[in-house]
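These notes concern the structure reproduced below.
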Amino acid sequence: YQLVWDGSERHILKLPVKNYIWASSFLYAPETRQERQQHFEAFSSNNKLTQEKIMNFHSSEDAEDGKGLIIDKGILKTCSITQVIKTSEEVKMIYKDLLREGNPVFETVENW
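In terms of our numbering, the sequence shown opens at residue 60 and continues consecutively.
In structure tokens, the structure reads:
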């Protein structure tokens, strides 16, 4: 499912099972979100996706080409990365805090 809040109402859409990347509707223009989608599609088609590779992809810093996902533009700054992995047996959530020294990672696992 995709859940989007546009500032006045929520939009819920059932999606086919495939890889997706989302970016905030409030922070990024549609063109930027589309560029990130294309960058992610290229990444996912050229790599065997693993939990670690996906976390590294999301941990890339804003490069000159603008494809990095961690940004620091003064008032606008990436503060965390959250990753959810669902299998038939469990749901695992990983939270990477980018504001605390050492970027601590917290994990929780629930049996499904």
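Glycine is no exception: its CB is placed at the ideal position from the N, C-alpha and C atoms. Quantities reported herein were computed from a predicted structural model and do not represent experimental measurements.
Alpha-carbon spacing of residue i relative to residue j, whole angstroms
i    : j    : result
T146 : G161 : 29 Å
K132 : Y87  : 13 Å
V150 : L135 : 30 Å
E68  : H98  : 28 Å
V76  : L158 : 33 Å
D65  : L74  : 18 Å
W171 : I144 : 12 Å
Other residues of its chain near residue i: CB distance less than 6 Å, five sequence neighbours each side excluded
i    : result
F165 : Y154
T167 : M152
S120 : First, the amino acid is wrong: residue 120 is Glu here, not Ser. For E120, where only same-chain residues beyond five positions count, the Cβ hits under 6 Å are G127 and I129.
L72  : Q61
Neighbourhood of residue i by C-beta, 8 Å cutoff - its chain only, sequence neighbours within 5 removed
i   : result
T91 : A82
8 Å contact criterion, which residue i and residue j should meet: CB distance rounded
i    : j    : result
S104 : I140 : That belief does not hold up - the Cβ atoms of S104 and I140 are roughly 22 Å apart, past 8 Å.
I113 : Q142 : 7 Å
F102 : F116 : 6 Å
Same chain only: Cβ atoms within 7 Å of residue i, ignoring 5 sequence neighbours per side
i    : result
D156 : S139, N162 and P163
Residue i - DSSP class collapsed to helix/strand/coil
i    : result
E111 : helix
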